[in-house]
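Working notes, structure below.
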Amino acid sequence: MEFEPLCIHLTLTCSATLYLVGDSGGWDISTDLDSWAKDKTFSVGDTILFQYSRYHSVSEVTKENYNGCNTTNVLDSNSSGNTSFVMKRPGDRYFVCGNRLHCLGGMKLHVNVVGNETASPVGAPQAQPRVALPPGSSKSNNPANSATGKGIRVDNVVLAFFVLLTVLFGLM
Ligand SMILES: [Cu+2]
Numbered sequence: 147m148e149f150e151p152l153c154i155h156l157t158l159t160c161s162a163t164l165y166l167v168g169d170s171g172g173w174d175i176s177t178d179l180d181s182w183a184k185d186k187t188f189s190v191g192d193t194i195l196f197q198y199s200r201y202h203s204v205s206e207v208t209k210e211n212y213n214g215c216n217t218t219n220v221l222d223s224n225s226s227g228n229t230s231f232v233m234k235r236p237g238d239r240y241f242v243c244g245n246r247l248h249c250l251g252g253m254k255l256h257v258n259v260v261g262n263e264t265a266s267p268v269g270a271p272q273a274q275p276r277v278a279l280p281p282g283s284s285k286s287n288n289p290a291n292s293a294t295g296k297g298i299r300v301d302n303v304v305l306a307f308f309v310l311l312t313v314l315f316g317l318m
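Numbering (this note's numbering), first residue to last: 147 to 318.
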């Protein structure tokens, strides 16, 4: 059972996703960014990467400035062509192209970030079983223990590996 916190940590780390904004279309005026974002669930720890030509830039702005495509008062801005943002906490984040006309043409992105322990409103019921039971839980006869079963199997593999190492080094 002492491996359980480690497993939870690994689960959260391994589930972090890197999203390339607009996929192959990239951060561009011709990319349908609304459609790109629509079927995605962004979680804390995920990274979104903007890749774009020198005619564009990316600025993080407030909701009001996002709605009005106000590109003069920004929270953060970059024009390197390769800009990433880590989703550090739940909530809404708003990005626009620094060229106001591009923003007005639809080159803007709203990302809703959900917390790892919060149920997301749509599209991620399959992510919930990955949240392990709290360590030290005494509900050993909980019927919903498929996740626990996986954890125990991984623990056994890890233990077997260490046993094997111990044996190997013991023989040397
Ligand atoms: Cu642009």
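Glycine residues also receive a C-beta, built at the ideal position from the N, C-alpha and C atoms.
If you're wondering where the values come from, they're calculated on a predicted model, not measured in any experiment.
In the displayed model, N224 falls within a strand according to three-state DSSP. Distance from the C-beta of Y240 to the nearest heavy atom of ligand 1 is not below 7 Å. If you draw a straight line from the Cα of V220 to the Cα of N258, it comes to about 19 Å. If you look at Y212, you'll find it in the alpha helix (DSSP H) that goes 209–214. Secondary-structure assignment with DSSP links D238 through a beta bridge to N258. If you ignore the 5 residues before and after L166, its C-beta comes within less than 6 Å of the C-beta of L195, all in its own chain and listed in chain order. Around the beta carbon of N228, a 10 Å sphere encloses fewer than 16 other beta carbons of the protein chains shown; the residue is thus reported as exposed.
Fewer than three pairs of CB atoms, one per stretch, sit closer than 8 Å, so the segment 205–222 makes no contact with the segment 181–188.
Your pair H202 and H256 does not check out as a contact, with CB atoms roughly 17 Å apart and the cut at 8 Å. Taken from the Cβ of N245, at least one heavy atom of ligand 1 lies inside 7 Å.
If you keep only unbroken beta strand (DSSP E) runs of at least 3 residues inside the segment 169–210, you get 193–197, 204–207.
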